[in-house]
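Residue numbers (full-length UniProt numbering), protein chains in the order written: chain A, 1 to 238; chain B, 1 to 238; chain C, 1 to 238; chain D, 1 to 238; chain E, 1 to 238; chain F, 1 to 238.
First the structure, in the form of structure tokens, and then the observations on it.
Below you can see the structure in the form of structure tokens.
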């Protein structure tokens, strides 16, 4: 039996609040149960040096966690003078995933930076960040369209992400912290709204996993991402 | 005429939400109008090395700003590998102010770390951080008392802080961003609930200020801090 | 048609040279075609602080690339004062994969550090590093057994890794650089010698990939890893 | 009774030596009793990027302390790879204070950097640095005027700084180290030669301070700064 | 008696393998006995900013050691975020020595970077790096001549380097690790192929050395360098 | 003809002022003409971890240059967050040279740190630092003897250092900046008071140097160091 009586297939209650803060072109608070991530999208009407003059745009992302988003306090990365490998790895994952949602040529020479800051962590912060970050990205794109900087939206499709895993031999969708800690295998999946794969990262934490287990996890992921895309679209329709 | 029709004496609407996040021993979202700062207090039942064995406790603080808390995006300090001078200066101010609220000997060999992270900035982030941080500190102290780690609360008095300044020759209390940018002089004042001074930091931005202007600003600060202490006590009474 | 006339299923010529350098307890030069990685295993008869007193061992890894291992020179990370996100991500992957090969409790309070330094890069450096690193790890474990520090080998199974991808619609095994640059999808797979999965990391570089494409890539990976394990065992038998 | 028989109002013997070193456009050794700070002013005929093309100049400052300027050796900041918060805070204070002495528009697109390096510390290093730095600044300005780079001096007024504090209930001017360590309250004041305020920074070290105490400290500061300005002018007249 | 029966005058077996790796314009594995250093020369058809527009070229060098090149593992400098003083000192020595081999004006506005990475250390890594680096430099220069970027080779003369020292009162040439550890005095000498001196660095490790000892060491160095230049020329003739 | 009419053999006027600052156990301002270096010796009655429990002491040194010690301002190393290779190389040289003056076993488990900060540079800062640093070291040793921490002085002999070079074919002793910039060859020599060598570092800046030139430079160095030792002893006799 899962915490809060969820079925193995069920994602946690998802809440997506747009315009959560004032200044950013896109600003979304995304909640997967107790996991809360603030995702802002910032538009910069230029591109990094390596893209100058190619007529293409860029999407980048940075992930961070407030020091006391977790059960015990983590040292502040800015004070330590160094981002951890985990932080850099997650930032790269979010950026790569969101770039796959956009036709960079149609974006023109604009950069959109997605900042994902975890206010409260309870498992699945990177998948929440991707899911909420995509909504913030859409808002920033629509801002560029509304002000006439873009003729049409370069969005190719929504993307969303969920974690799946195997706990005590049981495949589960959208692991929360206590489940994640007990998982034999943990997999993060990013898909398009049509169910095609953008990124699959499966890791055997305790024991190697079989082909059948992989298939079971992918099936859960697909269903979970369907629910997340529905929530994204509902939020964008408001 | 001030934005939103405030009188020169008036602080912005203050909102103090306790238990804003789950994990920290104290967790407060403080809002001074559009300025929003998340203040968490984390208890560590030990002390830094320089205090070991002296039977005294320690209060420290760290300040940060999310990259898009402001009108334009600031680079993330963790990514740059370095905190700015401004960040370090504000962290030191908050820590010094909050230490003045507590009898460190009565705190025993415990450390309380106050993290103040600005979610949205509209002027006065450091004074909001001190005001909200003091409430989070009280919650953390009460946590230690409740679990029996402390016999009695080591709190000496509440403290709160407000910015005052002179804009177009007019002294104003609790400057918001547009006022702050136009100020000739800017002063941050930290006081105890009884109106004694903990810290006074006045800076001539454009023109030197006179003794009379200093007195006028201090008077505004005292009244503003009275209102903030009332809000702190109301929040703690809930 | 692939470079050097390889079939889609075929891995590059694999060469595993043990005792490549003198000082390390395990020292392996692994070559996947033109990709050459020096993997050393260093034994430290103690554990990191977070494991002290638990009777368990630890496996860690660090990845690096000589500045001119690639077509154009990359700045030296030691000179820049910072490892890139890519470097940290790969180091974490190698370490995680190799830990999955060992029963850490049976390793006792020993740490084995695997350094993987790329002398020459032509695609697949991380999979070569894992494959060669596992052989160096086995040599280091055998060193501990030979000197009596361990009663029995804590090795659970060999592991090996290969990259697979889709280039012009065609699934290919063990991509070399020119193929990797042209791939729509790129996947790194780590498996045990029995074909169970340790890590699967698939990324859509250009276009999302389908479930069928994922299955095709996994099948190629399994066959490729079989060949790599054969090469590992042959090297260890010498 | 104060050390060396000073009255509460009295500043320490002040010595200002111009042209202390050869190369800088302004070079001043300032001594407040045993506190000795070498202040150099370096002219750069350009401005930082954020000011380019605005026809305005810039004044900046950096503060440092030799490792053995103090009773016990402090680690060298260059070796630790990081300036302390205290160092950055003081650098910012000096720069802000000296900018208030100059009409930046009249300075033209020139930058003057004031380096303040403490050779020997005995309290009041930041106020000595501001007082001596202003003399070095004037010499650098006069250098620019003499070589024809500026038509007229952009100096608006001399500025000087002093620390005041309350020790055992007694307000004292220009605290030396033993007094500073025992102070309940410590305040640094920067004023123009006409007695208007540039910066006021008062901190309750041990106990909050009252309005009356603040007024008493400000009065002492004003008289002390008068004496310092007299010393500055005498040095510049030589 | 020396290890391996060498006479005091004898250098270790020297092996210089050109084209050791694929991508670099010059790539040399140099072996002085068990000391093995990979030296690559990378051509960049531009110069650092301080040389722009002067019509001159530049030679620079970086030295590194793989973590387990030595008896016990050294922490990776890239991971520590800092190069050691020893590393920087050796990098500067190599660069200075190799610049002395070339007419920088005749090199035109090209930069050649020599990376020297120690794969296995057994004493004399810096002298091996200079000796092998010079061969890699020649290959890179010949690359520029072959592609027509340079009309003629700017090489002035070959240079090579050897360490000499005094062990138990006996002057020895080309110290290996066990000798180096026992030396009273250690000297690194860089000479041109004609026997003129480029760099002499002698250090009393245990006891000051006399003028006569210096002369004895220089004589050994000259003979050793003759042998090394012969080996360089043989390698280049292949 | 040399600046100030010096003969080729002549060192600049040397001035050694002891007790230049208050707090350090040894504090010396050394002047070689216009080169001025403040050398402090700080005693720490413990040793670095790698020497703990061996009954031996340690001498270490750090070199720094004030930003405007030179003709144009250099960026402050503490602000850049990194010491230059040159700074680290000189620090290592000073420390090695001064360790050679002392019987470390007779020093007991004490550490003496020599900080050499250049107030004004005109060539020869490292040799002035060694020469003045040795006097500060002697004062610190005598402090330990006087307070009874050491039974007898562990000083083996005075050491001093001078630079020599070849300018326009002429060997010169104690180069000042304009000579140093024009030198074909530059050599720093550290000797004991008896004329034995501690360190010889000769570098061909423009042209390789011959054996005869080396001998000529060493002869000049020996005479110059004799004069410096005389100055050291006179200062210590005061």
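Just so it is clear, CB atoms sit at the ideal spot from N, CA and C, and this is done for glycine as well.
Alpha-carbon to alpha-carbon, residue j and residue i
i	j	result
residue 232/C	residue 107/C	21 Å
residue 56/B	residue 84/A	33 Å
residue 160/A	residue 210/C	16 Å
residue 151/C	residue 16/C	27 Å
residue 62/A	residue 64/B	15 Å
residue 22/C	residue 135/C	16 Å
residue 178/D	residue 8/D	14 Å
residue 142/F	residue 144/B	53 Å
residue 189/C	residue 164/A	18 Å
residue 29/E	residue 50/A	34 Å
residue 204/D	residue 172/D	15 Å
residue 89/A	residue 220/A	24 Å
residue 193/E	residue 38/F	43 Å
residue 123/F	residue 147/E	43 Å
residue 76/D	residue 76/F	12 Å
residue 187/D	residue 47/A	48 Å
CB contact below 8 Å: residue i versus chain I
i	result
residue 215/F	Among the protein chains of the structure shown, namely A, B, C, D, E and F, there is no chain I.
CB contact check: residue i to chain C, cutoff 8 Å
i	result
residue 223/A	no
residue 125/E	no
residue 201/A	yes
residue 120/E	yes
residue 70/E	yes
residue 79/E	yes
Residues that residue i bridges to, as DSSP identifies them
i	result
residue 32/A	14/A and 35/A
residue 186/A	165/A and 203/A
residue 61/A	114/A
residue 240/E	Residue 240/E is absent from the structure shown; chain E starts at 1 and stops at 238.
residue 214/B	DSSP, once it has assigned bridges, lists no residue as partnering residue 214/B.
Any C-beta of chain E under 8 Å from that of residue i
i	result
residue 42/C	yes
residue 209/F	yes
residue 12/C	no
Short CB-CB distance (under 8 Å) between residue i and chain F
i	result
residue 115/D	yes
residue 60/E	no
residue 147/D	no
Cutoff 8 Å: residue i Cβ touching any chain D Cβ
i	result
residue 19/F	no
residue 196/B	yes
residue 106/F	no
residue 292/F	What is shown of chain F runs 1 to 238, which leaves residue 292/F out entirely.
C-beta neighbour in chain B for residue i, strict 8 Å
i	result
residue 85/D	yes
residue 34/A	yes
residue 131/D	no
Residue i at chain A interface by Cβ criterion, 8 Å
i	result
residue 110/B	no
residue 3/C	no
residue 48/B	no
**OP:** May I ask you to verify whether the region 129-137 of chain F touches the region 109-119 of chain F, counting CB pairs closer than 8 Å and requiring at least 3?
**Re:** yes
Subject >> Stretch pair the region 154-173 of chain B + the region 97-111 of chain B: three plus CB contacts closer than 8 Å >> reply: yes
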